[in-house]
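> For the sequence shown, my numbering begins at 2 and goes up steadily by one.
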Amino acid sequence: VDGRLLELDDELTLEGGLVYAMLSNRLSRRGTVVFRGTVGGVDIPTCANFLKNDHVFKCKDHDGLDIKVHSGFASYLFNKINGVSKYDRIIACLKYFHDTIPDDLKDDYELYVTGHSLGGSLSNMFAFAAAHEEKDHPLFKKIRVVTFASPVVGNMGYNKAFQKLERLGRLSLLRISNKGDVICTRPLPGYTQNGVNMHLLPDGKKMELRYRNTKGIFTQVTPDPLKCHSFPEYEQRLFSSVHSDILERSYEEIMLTGGNFTE
Numbered sequence: 002v003d004g005r006l007l008e009l010d011d012e013l014t015l016e017g018g019l020v021y022a023m024l025s026n027r028l029s030r031r032g033t034v035v036f037r038g039t040v041g042g043v044d045i046p047t048c049a050n051f052l053k054n055d056h057v058f059k060c061k062d063h064d065g066l067d068i069k070v071h072s073g074f075a076s077y078l079f080n081k082i083n084g085v086s087k088y089d090r091i092i093a094c095l096k097y098f099h100d101t102i103p104d105d106l107k108d109d110y111e112l113y114v115t116g117h118s119l120g121g122s123l124s125n126m127f128a129f130a131a132a133h134e135e136k137d138h139p140l141f142k143k144i145r146v147v148t149f150a151s152p153v154v155g156n157m158g159y160n161k162a163f164q165k166l167e168r169l170g171r172l173s174l175l176r177i178s179n180k181g182d183v184i185c186t187r188p189l190p191g192y193t194q195n196g197v198n199m200h201l202l203p204d205g206k207k208m209e210l211r212y213r214n215t216k217g218i219f220t221q222v223t224p225d226p227l228k229c230h231s232f233p234e235y236e237q238r239l240f241s242s243v244h245s246d247i248l249e250r251s252y253e254e255i256m257l258t259g260g261n262f263t264e
């Protein structure tokens with residue numbers, strides 16, 4: 002068996018909270034972190050907490066940038082439970098996993114991070130922090146992120162720091178959104194999306210593929226917002242035959258199509 006479950010933290014499954022899994026695949030030389038989306042309970046007020054947190058990355062040497070991020074997502078990832086944050090726990094597990102890889106294969110392994118909705122925003126923030134803070138560790142030298150239906154994470158200062166990591170080749174983000182999914186929009190001034198965006202259109206129309214592509218909330222109002230946010234709707238639009246030429250490209254080729262990390 003090539004795939005293996007490294008860790009599953011579902012302690013908070015019933016009441017909501019940060020739930021994640023870590024997997025490895027020997028054939029593809031890949032480690033993957035998956036964050037779960039919103040299920041209710043405390044997740045809803047956490048997602049709605051758009052107050053900007055300006056201290057999580059304040060002392061992290063980001064060239065003096067005024068970095069502010071979504072307070073709810075930051076609390077899930079960095080608040081300590083019994084003295085340890087979920088971020089620290091995931092990093093420790095990934096390092097342990099890397100230690101178990103044979104020495105002659107260690108440099109071949111890559112790290113992917115993914116999630117839907119709340120899980121997409123946690124993927125974004127986790128990968129950003131890991132790409133900066135763990136830059137000397139081989140598993141974190143180039144982190145690839147794929148998110149679905151992800152809310153905004155940070156301000157323009159966060160985006161500038163994100164772009165620096167993109168230019169250095171340490172971090173890349175493919176953000177997939179649906180037209181009509183208001184969750185992916187900018188609800189308040191000052192927030193912006195990151196990475197290359199696949200914006201999926203209904204009725205068999207071809208996607209928009211461009212860099213960042215932040216949408217205002219009123220441009221995405223629809224009579225059926227829950228359907229537009231659902232994973233089945235994302236799957237149906239993404240794998241439409243009209244996208245066959247795009248989906249035949251590699252991850253790197255799609256990223257090159259999207260932009261130059263300076264907008």
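Where a beta carbon is used, it is the ideal one built from N, C-alpha and C, also for glycine.
Taking SER25 as part of the beta strand (DSSP E), name the residues at either end of that continuous run.
First-last of the beta strand (DSSP E) with SER25: 21-26.
> Tell me, to the nearest whole angstrom, how far the beta carbon of THR115 is from that of VAL147; I am working on the premise that it is less than 8 Å.
Confirmed, Cβ separation roughly 5 Å.
> I believe ILE91 touches VAL34 by the beta-carbon criterion, under 8 Å. Please report the beta-carbon distance rounded to the nearest angstrom.
Confirmed, Cβ separation roughly 6 Å.
> Would PHE74 and MET23 be called neighbours here (beta carbons separated by less than 9 Å)?
No, Cβ-Cβ distance for PHE74 and MET23 is not below 9 Å.
> Under a three-way DSSP split, which group does HIS99 fall into?
In this structure, HIS99 counts as helix in the three-state DSSP scheme.
> Between which two residues does the beta strand (DSSP E) holding ASP10 run?
Segment 4-10, the beta strand (DSSP E) holding ASP10.
> Determine the direct distance from the alpha carbon of HIS200 to that of ASN179, and round the result to whole angstroms.
One C-alpha to the other measures close to 6 Å.
> Mind checking which residues open and close the alpha helix (DSSP H) that includes MET157?
Looking at the DSSP string, the run of the alpha helix (DSSP H) that includes MET157 is 157-168.
> Just tell me which of GLY205, GLY181, MET208 and LEU174 has its CA closest to the CA of GLN194.
Checking every option, the nearest Cα to that of GLN194 belongs to LEU174.
> Going by DSSP, what residues sit across from ARG31 in a beta bridge?
DSSP output for ARG31 lists ASN26 and GLU111 as bridge partner(s).
> Where do the N-terminal and C-terminal ends of the alpha helix (DSSP H) with PHE58 fall, by residue?
Taken as a continuous stretch (DSSP letters only), PHE58 belongs to no alpha helix (DSSP H), as it is neither H nor E.
> Evaluate PRO103 with the Cβ neighbour count: other Cβ atoms within 10 Å of its Cβ, from every protein chain shown; 16 or more gives buried, anything less gives exposed.
So PRO103 ends up on the exposed side.
> What do you get for SER151, buried or exposed, if any count of 16 or more other CB atoms within 10 angstroms of its CB means buried?
Burial call: buried.
> Give the DSSP bridge partners of GLY217, in chain order.
Beta-bridge pairing links GLY217 to ARG187.
> Mind the definition here: the stretch 200-214 touches the stretch 253-260 only if three or more C-beta pairs lie below 8 Å; say whether that holds.
As far as the Cβ criterion goes, the stretch 200-214 touches the stretch 253-260, which means the pair count is three or higher.
> Checking 9 Å against the spacing of the C-beta atoms, do LEU19 and ARG37 come in under that value?
Result yes, Cβ atoms of LEU19 and ARG37 sit closer than 9 Å.
> Closest by CA to SER72, which one among LYS216, CYS229, LEU123 and GLY32?
Ranking the options by Cα distance to SER72, first place goes to LEU123.
> Using only alpha-carbon positions, find the residue among GLU234, PRO203 and VAL183 that is nearest to ALA49.
Among GLU234, PRO203 and VAL183, the Cα nearest to that of ALA49 is on VAL183.
> Leaving out five residues on either side along the sequence, give the residues of the same chain with a beta carbon under 7 Å from the beta carbon of GLY121.
Answer for GLY121: THR148, PHE149, ALA150 and SER151, listed in chain order.
> With DSSP run on the structure shown, which of helix, strand or coil describes ASN1?
Residue 1 is absent from the model: the chain starts at 2 and stops at 264.
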